[in-house]
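Data block below; observations after.
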Amino acid sequence: SMSTVHANDTRDALDRLELMIALSGADLPNSIARRYIASAIHLLVHITRLPNGERKVMRISELIGFQNGEYMVEDLFVFRITGVEKNGQVHGAFYATGHHPVAMNWLTQTNFDDCEDLFHARELKLSDTKSDQQDGQEQ
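Counting in my numbering, the sequence shown runs from 980 upward without gaps.
Following this line, the structure appears as structure tokens:
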């Protein structure tokens, strides 16, 4: 399932989830709440509003778990801004970070088979589609 949390970034979203649990009146220690959050959430998508009003996915991260009191979060894909025009138009590109998700087994069970190449570190192009990869060529 999916949910929306208004936050400044992926880690802030996790902190806000903890706050929601605390404000719910549940008598749950923070460490237990964090463990529940870490076991329930797998992927985080951070969308932001750019200066020109456009909304852009800025990063897709995987919540790997919880260790030593901290969430273990790894970015899978990030959008890197390379410039902003006077009218607010943002230029940049999406990049795969090279982190191969722990959830890869889950991904393959949900018809995302043969997607291992998707996570190799590189700039992503619009032509990085499965059909292009199968043909062995980019268009």
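Glycine residues also receive a C-beta, built at the ideal position from the N, C-alpha and C atoms.
Would a C-beta distance cut-off of 9 Å place residue 1098 and residue 1067 closer than the cut-off?
no
Rounded to a whole number of angstroms, what is the C-alpha to C-alpha distance between residue 992 and residue 1090?
28 Å
Assuming residue 1051 contacts residue 1043 under a Cβ cut-off of 8 Å, what Cβ separation, rounded to an integer in Å, is found between them?
Indeed, because the Cβ distance is near 4 Å, the residues count as touching under 8 Å.
In the stretch 1052-1099, which residue ranges form an unbroken alpha helix (DSSP H) of at least 4 residues, counting only runs that do not cross its ends?
1083-1088
Mind checking who residue 1044 pairs with in its DSSP beta bridge?
1051
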